[in-house]
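Presented below is the structure to which this report refers.
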Amino acid sequence: MTAPRTASAAPPAPATLPALLAHRAAAHGERTAIVNGERSLGFADWQRRSGALATVLRTAGLATGDRVGLCYGTGGWTEFAVAFLAVLRAGGVAVPFSDRTPPAGVGHLLADCGARFLLHGPAGAPAGVPAGVRTLTEQDPDLPGPVLPELDLDLPDLEPGAPAQILYTSGTTGTPKGVTASHANLAHGCTLDERRRPLRHSAAFLHTFPVGTNAGQTMLVNALNAHARCVAAPQFTPARFLRLIPEHRVGSVFLVPATAIEVLASPALAAAAGSGALDGVRLVGSTAAALPQPVALGLSRAFAGAQIVNYYTSTEAAPAQVTLLFDPARPQSPGRPASLADLRVTDAAGRPVPPGTAGELWLRSPAAPRGYLGERDDETFRGRWTRMGDLGRVDEDGFLHLLDRERDVVKSGAHKVSTLQVEDALHAHPLVADAAAVGVPHPVLGSVVAAFVVPAGELTAAALRTFLLDRLAVHELPATVHFRDALPRNEAGKVLKRELRRALDPDPREAAP
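Sequential numbering of the sequence shown, starting at 3, is according to our numbering.
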């Protein structure tokens, strides 16, 4: 007789991202982790370069827990990846932000977090760096030349519960807030088991997210953890983005609604679809903001072989997220959650409400929860639960319906109007390239809806309002329509609605009620 086979025990999960990088460098160091234009980064080089830079930081006086700003653009993803892991390996706390951050924003972020160092790309340090913050690049002349294996021998041991990252919110409604995450929070869900690596269905995944956003940080962790290599588009245009798909045999595409809208409007899309260049895509993921229904339907037609997925999360909630599988037969919902265990819909007092009832949305973190830098916020964080600031409901069939951001709901007379519903209706018009809806003051009703529209052809307010009559109730119809060449968005792709409210300039095509 032969002894029965026993399944080998799965290796333990990595406690930190540096531990994951060390494992991957040892397992297959020459494999490419990140491609960014002409630059690429393999796991062994990532380990070597981040270790050398970490040692330089310690030699320069970085103490465990010190904050280090990281300023990089979408063309510097390989350098950013090295810098991020270097800071963590040195025991510091990484504070990433985009090189497009204005000087006042740079000054606020670095002063608010108390940064002692700033790492940046070869283009130079950004304007607005406070006095006393030392700036460095990986190619700094003060750094050692040849990288020696023993350079990183004296790096500190990392505690999983220690702070590892401060990521600032988008600031769409006010001053950005710093959100602190621990090593354990960042590494949650990662694996040392090669058989369980995510995104195994293709050679590469593609994104164009900027540094310093929650979506961008997710892609960095994917680059460390996924089977597929990361292709980070250095500059987004629809045609360039679509060309990267067959060039790198991309099977997963990650977008935000703004870039999805541009891709669908591009003449390059028809050519790419007609040539079969998109046939290998199996997953199209959208994050950062609500995906309008017509845009989700357009993606499902353009990427016919792919599952369209809405990722519902936030900077405060991560790694908590709800994966919403979009169903073209149910376009009124962003999708059915893969699991409802960590999603809660409550009334204002925090009590769960029954299916079909609207309420506040909360997500439960499976890892050590995050928190705002330097402040306690019991309204947002309750144990492992994070209040999302959204209103929604889960219907009897388990589909999530996002009704609106709480702050964006328009209270018009006796009615509450969802700006998301108005935007879905606007996007359904074939001559609307982009659209947003906001509430504006009204002397009688309190507030009414104002629509901001980027037209894709000759379009008048009267024609648009006639189109909307069949899709919206009377109290939901925009009282005014404002045509614009573009909508103001932040780097994460979110519409800056506060700017729209401020900028109601006259336009000859606008119409009053």
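Note that the Cβ used here is the ideal one computed from N, Cα and C, for glycine as well.
{"Check": "Paired residues, beta bridge with residue 231 - DSSP", "Outcome": "206"}
{"Check": "Residue 302 and residue 253 closer than 8 Å at C-beta", "Outcome": "no"}
{"Check": "Rounded C-alpha distance that separates residue 37 from residue 282", "Outcome": "19 Å"}
{"Check": "Segments assigned beta strand (DSSP E), at least 3 residues, entirely inside the segment 323 to 362", "Outcome": "324 to 327, 345 to 348"}
{"Check": "Three-state class that DSSP yields for residue 115 in the structure shown", "Outcome": "helix"}
{"Check": "Boundaries (first-last residue) of the alpha helix (DSSP H) holding residue 499", "Outcome": "499 to 504"}
{"Check": "Rounded straight-line distance, which links the Cα of residue 246 to that of residue 270", "Outcome": "12 Å"}
{"Check": "Per-residue burial, residue 361 [other beta carbons within 10 Å of its own, 16 or more giving buried]", "Outcome": "buried"}
{"Check": "Classification of residue 179 by the beta-carbon crowding that lies within 10 angstroms, buried from 16 upward", "Outcome": "buried"}
{"Check": "Pairwise C-alpha distance: residue 319 and residue 379", "Outcome": "13 Å"}
{"Check": "Boundaries (first-last residue) of the alpha helix (DSSP H) holding residue 438", "Outcome": "Careful: residue 438 lies outside any alpha helix (DSSP H), inside the beta strand (DSSP E) at 434 to 444."}
{"Check": "Cβ shell of residue 201 (< 6 Å), same chain only, five flanking positions each side left out", "Outcome": "207, 228, 229, 230, 254"}
{"Check": "Secondary structure of residue 420, DSSP reduced to three states", "Outcome": "coil"}
{"Check": "Identified DSSP bridge partners for residue 448", "Outcome": "444"}
{"Check": "Beta strand (DSSP E) segment containing residue 409, residue limits", "Outcome": "Segment: none, residue 409 is in no beta strand (DSSP E) and carries neither H nor E."}
{"Check": "Rounded Cβ spacing between residue 31 and residue 46 (contact assumed at less than 8 Å)", "Outcome": "3 Å"}
{"Check": "Contact set for residue 189: own chain, Cβ-Cβ below 7 Å, skip 5 residues either direction", "Outcome": "16, 17, 18, 19, 22"}
{"Check": "Option in 216, 141, 262 with minimal Cα separation from residue 293", "Outcome": "262"}
{"Check": "Cβ-based burial, residue 417 [other Cβ within 10 Å; buried from 16]", "Outcome": "exposed"}
{"Check": "Straight-line Cα distance separating residue 77 from residue 149", "Outcome": "Unreliable placement is indicated for residue 149, whose pLDDT of 45 sits below 50; the coordinate value is still reported in the next sentence. One C-alpha to the other measures close to 24 Å."}
{"Check": "Own chain, CB closer than 6 Å to residue 71, minus 5 neighbours either side, in chain order", "Outcome": "97, 112, 117, 120"}
{"Check": "Identity of the residue in 356, 431, 372 nearest residue 394 by Cα", "Outcome": "356"}
{"Check": "Contacting residues, own chain, Cβ-Cβ under 8 Å from residue 199 (five flanking each side not counted)", "Outcome": "193, 227, 228, 229"}
{"Check": "Exposure label - residue 165; buried when at least 16 CB within 10 Å", "Outcome": "buried"}
{"Check": "Presumed contact (8 Å Cβ cut-off) between residue 369 and residue 186, rounded CB distance", "Outcome": "6 Å"}
{"Check": "Contact check, residue 131 vs residue 108, beta carbons under 8 Å", "Outcome": "yes"}
{"Check": "Residue 150, DSSP secondary structure in three states", "Outcome": "At residue 150, the pLDDT of 45 sits below 50, so the modelled position is not reliable and the matter cannot be decided from this model."}
{"Check": "Secondary structure of residue 372, DSSP reduced to three states", "Outcome": "coil"}
{"Check": "Inter-residue Cα distance where the pair is residue 289 and residue 428", "Outcome": "20 Å"}
{"Check": "Buried versus exposed call for residue 334 [16 or more other C-beta atoms within 10 Å across all chains shown]", "Outcome": "exposed"}
{"Check": "Sequence-distant residues of its chain with Cβ nearer than 8 Å to residue 266 (five each side left out)", "Outcome": "297, 300, 301, 304"}
{"Check": "At least three beta-carbon pairs within less than 8 Å, the segment 381 to 397 to the segment 447 to 467", "Outcome": "no"}
{"Check": "Presumed contact (8 Å Cβ cut-off) between residue 213 and residue 100, rounded CB distance", "Outcome": "5 Å"}
{"Check": "Closer than 7 Å: residue 126 CB and nearest the ligand GDP heavy atom", "Outcome": "What this structure holds is no ligand at all, so the ligand GDP is not there to describe."}
{"Check": "DSSP state of residue 17 mapped onto helix, strand, coil", "Outcome": "coil"}
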